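Chemist: Using our numbering, read the sequence shown as starting at 386 and increasing by one per residue.
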Amino acid sequence: MFDFIMSEGQKKLRDEARDFTNWVPKEMILDMDAEKIQFPHEYLKEAGRRKLLGLRLPKEFGGRGLGWVEDTIAAEEIGVASYSLACLWGVGADIVCDAIVEFGIDELKKEIVVPLLKGDTFAAEGLTEPRGGSDFFGATTVARKDGGDWLITGQKRFVVGAEGADWFLVYAVTDPSAPPHKRITAFMMPRTKGVESKYIYGLMGVRGGGAGRLIMEDVRVPERYALNGINGGFDVFVKMMIPERLGTAAMTIGSVRPAIDIATKYSSKRKAFGQPIMNYQAVGFKVSDSVMLLDAARSLVYSSALAIDSKKVHPGKCRRLVSESKKFVTEAAWEVANKCMQVMGGIGYTNIFPLERIVRDIRLSMIWVGTNEIMQLIIQTEWYKEFLKVLSKEKVRNVEADALNADKSEEIVYE
Ligand SMILES: Cc1cc2nc3c(=O)[nH]c(=O)nc-3n(C[C@H](O)[C@H](O)[C@H](O)COP(=O)(O)OP(=O)(O)OC[C@H]3O[C@@H](n4cnc5c(N)ncnc54)[C@H](O)[C@@H]3O)c2cc1C
386 MFDFIMSEGQ KKLRDEARDF TNWVPKEMIL DMDAEKIQFP HEYLKEAGRR
436 KLLGLRLPKE FGGRGLGWVE DTIAAEEIGV ASYSLACLWG VGADIVCDAI
486 VEFGIDELKK EIVVPLLKGD TFAAEGLTEP RGGSDFFGAT TVARKDGGDW
536 LITGQKRFVV GAEGADWFLV YAVTDPSAPP HKRITAFMMP RTKGVESKYI
586 YGLMGVRGGG AGRLIMEDVR VPERYALNGI NGGFDVFVKM MIPERLGTAA
636 MTIGSVRPAI DIATKYSSKR KAFGQPIMNY QAVGFKVSDS VMLLDAARSL
686 VYSSALAIDS KKVHPGKCRR LVSESKKFVT EAAWEVANKC MQVMGGIGYT
736 NIFPLERIVR DIRLSMIWVG TNEIMQLIIQ TEWYKEFLKV LSKEKVRNVE
786 ADALNADKSE EIVYE
């Protein structure tokens, strides 16, 4: 984040997150990338020890009670060490715990959130099914009532922490006869009898987070583990898309940032035709465009964070801003990663520099937590709603009337 807009407290938090990122052992990053580690428990343990998990959550459960601006400042720094680690930092503490604090009963907050923010346990999220992730409300995982409990049966796919998690936030259909938005329940499901993780995927990047398929066969879950009550999953899903997507945007900035640092250093020293390659505009402009893209990305994330923190901005507009952040940042990051690799020439494509890992990691950002096409859908929907209901009625200059032939109403034909 830009240091000129940070308060002293925010700078201190940034430095704490940087210290933590500097602590991360190189072997952990390499072993995760080589899939020798499937789930780095000690990373979360250390984050918990430093009180760097669940920054926005109330202090009584182990959080710091901070806002979104602070969260994005920390997430950028956390992202620097590895995209995969940043994901683990965010999923359990920033997303699942947020859902429990917002929608769970007090007992669950003590039972799940407190140990999780200490780094003793981890919670994963199961939304995507083999049948599809974008069409979330077409879920086929079901839960049927059995006495005071519910029995969950179905499958989820690509769950980060399928290997390694103690808890899963899973969505299941509890009232098949109801319309899609009223038939789903969000359950906190422990790793217990009937839960199996399978197929730890061979991933292009973002490895070592235990991403796999989750198979559930009559998993018994007490009704009190339902967040927002039975059939209340819609509100949980909608609310959780904020931390999913804004958190992802912020950590993506951090994960791609080192690419610019590497390319800047290299191009200022590497010579061709007798001079540093940064002097060739074809090279220097790639770096300058990367810097510009990342600054623009930061600005959008910062304004989105401010909008949510203010609590004064309409939820629809927040949804649009968050979706814009996710789409813009991830596409900018992909462009930045590729431009920086190009600046390096052949050596950028080798593992002498970590750029090839950054490129592999960043590619996922446009796919997960809702694809960028789904972000477009949300931006489109929210923009038309907002413009037609609100913005078109604001007292701004009617520029349409400034056209030379604006009075030729017979030419303004709509159907
Ligand atoms: C490494 C990794 C980790 C992940 N971690 C998790 C996790 O922890 N938990 C979890 O629940 N999920 C996770 N995911 C899943 C991820 O969020 C989904 O892959 C993603 O949402 C897309 O779903 P899908 O793969 O089923 O693609 P589909 O939904 O089948 O989409 C396929 C294509 O069709 C497009 N498309 C679909 N519908 C529309 C539409 N209406 N308009 C325009 N285009 C459309 C999509 O944009 C995409 O390009 C992870 C995925 C990966 C690869």
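Glycine included, each C-beta is placed from N, C-alpha and C at the ideal position.
The model shown is predicted, which means the values in this text are computed figures rather than measured ones.
1) Tell me the DSSP bridge mates of Arg553?
2) Out of curiosity, what's the CA-to-CA distance linking Gly433 and Ala635?
3) What does DSSP give as the partner residue(s) for Leu429 in the beta ladder?
4) Could you pull the start and end residues of the beta strand (DSSP E) that Arg516 belongs to?
5) Assuming Cys472 contacts Leu502 under a Cβ cut-off of 8 Å, what Cβ separation, rounded to an integer in Å, is found between them?
6) Mapping the DSSP letters down to three states, classify Gly659 as helix, strand or coil.
7) Use the C-beta contact count for Thr715: other C-beta atoms within 10 angstroms, 16 or more gives buried, fewer gives exposed.
8) Run the CB neighbour count on Val775, radius 10 Å, all protein chains shown included, and call it buried at 16 or more, exposed below.
9) Given the structure, does Trp753 come close to ligand 1, in the sense that its CB is under 7 Å from one of the ligand's heavy atoms?
10) So which of Pro643, Pro443 and Phe553 has the shortest CA-CA distance to Gln540?
11) May I ask you to list the residues that DSSP assigns as paired with Trp535?
12) Assuming Gln423 and Gly549 are in contact, meaning their beta carbons sit under 8 Å apart, how far apart are those beta carbons, in whole angstroms?
13) Any chance you could list the residues with Cβ under 5 Å from a heavy atom of ligand 1, keeping chain order?
14) If you follow the alpha helix (DSSP H) that Ser652 is part of, which residue opens it and which one closes it?
15) Can you tell me which of Lys494, Phe507, Ile497 and Tyr556 puts its alpha carbon nearest to the alpha carbon of Glu514?
16) Within 10 angstroms of its Cβ, does Ile390 collect 16 or more other Cβ (buried), or is it exposed?
17) Lys712 bridges to which residues according to DSSP?
18) Taking the alpha-carbon positions, what's the Ile662 to Gly731 distance?
19) Across which residues does DSSP place Gln395 in a beta bridge pair?
20) What does DSSP give as the partner residues of Gly597 in its beta bridges?
21) Return the residue from the list Leu749, Gly450 and Ile490 that minimises the CA-CA distance to Val641.
22) How big is the Cα-Cα spacing for Ile693 and Ser710?
23) By DSSP, does Lys494 sit in helix, in strand, or in coil?
24) How about Ala484 and Leu612: do their beta carbons lie closer than 8 Å?
25) What does DSSP give as the partner residue(s) for Ser582 in the beta ladder?
26) Ala611 bridges to which residues according to DSSP?
27) Is it buried or exposed for Leu470, if we count other Cβ within 10 angstroms and need 16 for buried?
28) For the alpha helix (DSSP H) containing Gly485, list its first residue and its last residue.
29) Going by the CB atoms, is the gap between Val545 and Gly590 shorter than 8 Å?
30) Here's the rule: buried if 16 or more other CB atoms are within 10 angstroms of the residue's CB, otherwise exposed. What is Asp746?
31) By Cβ distance, which residues of its chain are closer than 8 Å to Ile645, with the 5 residues on each side in sequence left out?
32) Between the region 447-466 and the region 405-413, are three or more C-beta pairs nearer than 8 Å?
33) Where does Val558 fall in DSSP's three states?
34) Let me know the secondary structure DSSP gives Arg728 once reduced to three states.
35) Under 6 Å Cβ to Cβ from Tyr428, same chain only, skipping five residues before and after it: list those, please.
36) Excluding the five sequence neighbours on either side, which residues of its own chain have a C-beta within less than 8 Å of the C-beta of Ser653, listed in chain order?
Modeler: With the given structure in hand:
1) Here the question's residue 553 lines up with position 168 in the sequence shown. Correcting the residue identity first, residue 553 is Phe in this sequence and not Arg. According to DSSP, Phe553 bridges with Ala509 and Met574.
2) As a position in the sequence shown, residue 433 is number 48, starting the count at 1. As a position in the sequence shown, residue 635 is number 250, starting the count at 1. Rounded to the nearest whole angstrom, the C-alpha separation of Gly433 and Ala635 is 20 Å.
3) Counting from 1 along the sequence shown, the entry for residue 429 is found at position 44. Leu429 pairs with nothing; no bridge assigned.
4) Sequence index remark: in the sequence shown, residue 516 carries index 131 (1-based). Boundaries for Arg516: no beta strand (DSSP E) harbours it, and the DSSP string shows neither H nor E there.
5) As a first step, residue 472 is located in the sequence shown; it is residue number 87 there, counting from the start. As a first step, residue 502 is located in the sequence shown; it is residue number 117 there, counting from the start. Wrong, their Cβ atoms sit about 17 Å apart, outside the cutoff.
6) In the sequence shown, the residue the question calls residue 659 occupies position 274. Coil.
7) Along the sequence shown, one-based indexing puts residue 715 at 330. Counting the other CB atoms within 10 Å of its CB gives Thr715 a total of 16 or more, which places it among the buried residues.
8) Locating residue 775 in the sequence shown gives position 390, where the first residue counts as 1. Answer is exposed; the Cβ neighbour count stays below 16.
9) The count along the sequence shown starts at 1 and reaches residue 753 at position 368. For Trp753, the shortest separation between its Cβ and any heavy atom of ligand 1 lies below 7 Å.
10) Counted from its first residue, the sequence shown places residue 540 at position 155. The residue with the shortest Cα to Cα distance from Gln540 is Phe553.
11) Numbered from its first residue, the sequence shown carries residue 535 at position 150. Paired residue(s): Lys530 and Val606.
12) Mapped onto the sequence shown, residue 423 falls at position 38. Mapped onto the sequence shown, residue 549 falls at position 164. That pair is a contact at about 7 Å.
13) Glu510, Leu512, Thr513, Gly517, Gly518, Ser519, Phe543, Val544, Val545, Ala596, Trp753, Thr756 and Glu758
14) Taking the first residue of the sequence shown as position 1, residue 652 is located at position 267. That run of the alpha helix (DSSP H) goes Gly618 to Lys654.
15) Here residue 514 corresponds to residue number 129 of the sequence shown, with the count starting at 1. Here the closest residue by C-alpha is Tyr556.
16) Your numbering for residue 390 matches position 5 in the sequence shown. Exposed.
17) As a first step, residue 712 must be located in the sequence shown, where it is residue number 327. Partner residues in a beta bridge of Lys712, as assigned by DSSP, do not exist.
18) Position 277 of the sequence shown, counting from 1, holds the residue named residue 662. Position 346 of the sequence shown, counting from 1, holds the residue named residue 731. Linking Ile662 to Gly731 through their CA atoms gives a straight-line distance of about 14 Å.
19) Reading the sequence shown from its first residue, position 10 is the one you call residue 395. DSSP lists no partner for Gln395.
20) For the purposes of this step, residue 597 is identified with residue 212 of the sequence shown, where counting begins at 1. Beta-bridge pairing links Gly597 to Val544.
21) For the purposes of this step, residue 641 is taken as the residue at position 256 of the sequence shown. The candidate whose alpha carbon is nearest that of Val641 is Leu749.
22) On the sequence shown, residue 693 is found 308 positions in, with the first residue counted as 1. On the sequence shown, residue 710 is found 325 positions in, with the first residue counted as 1. The straight-line gap from Cα to Cα measures roughly 13 Å.
23) The residue labelled residue 494 in the question sits at position 109 within the sequence shown. The answer is helix: DSSP assigns Lys494 an H, G or I state.
24) For the purposes of this step, residue 484 is identified with residue 99 of the sequence shown, where counting begins at 1. For the purposes of this step, residue 612 is identified with residue 227 of the sequence shown, where counting begins at 1. A contact, by the Cβ cut-off of 8 Å.
25) Numbered from 1 along the sequence shown, position 197 holds the residue referred to as residue 582. Note: Ser582 sits in a beta bridge opposite Leu599.
26) Walking along the sequence shown from the start, residue 611 turns up at place 226. Bridge partners of Ala611: Phe572.
27) On the sequence shown, residue 470 is found 85 positions in, with the first residue counted as 1. Per the 10 Å Cβ criterion, buried.
28) Numbered from its first residue, the sequence shown carries residue 485 at position 100. Per the sequence presented here, residue 485 reads as Ile, with Gly not at that position. First-last of the alpha helix (DSSP H) with Ile485: Cys482 to Phe488.
29) Translated into positions along the sequence shown, residue 590 becomes position 205. Translated into positions along the sequence shown, residue 545 becomes position 160. Cβ distance not < 8 Å, so Gly590 and Val545 don't count as in contact.
30) By 1-based counting over the sequence shown, the position of residue 746 is 361. By the neighbour-count rule (16 or more Cβ atoms within 10 Å), Asp746 is buried.
31) In the sequence shown, residue 645 corresponds to position 260, counting from 1. Excluding residues within five positions, the ones whose Cβ falls inside 8 Å are Val672, Ser675, Val676, Leu679, Val721 and Cys725.
32) yes
33) Indexing the sequence shown from 1 puts residue 558 at position 173. Strand at Val558.
34) By one-based count along the sequence shown, residue 728 stands at place 343. As written in the sequence, residue 728 is Val, which differs from the Arg given in the question. Residue state, collapsed to three classes: helix.
35) Residue numbering aside, residue 428 sits at position 43 when the sequence shown is read from its first letter. Leu470, listed in sequence order.
36) Here the question's residue 653 lines up with position 268 in the sequence shown. These residues qualify, in order along the chain: Pro661 and Met663.
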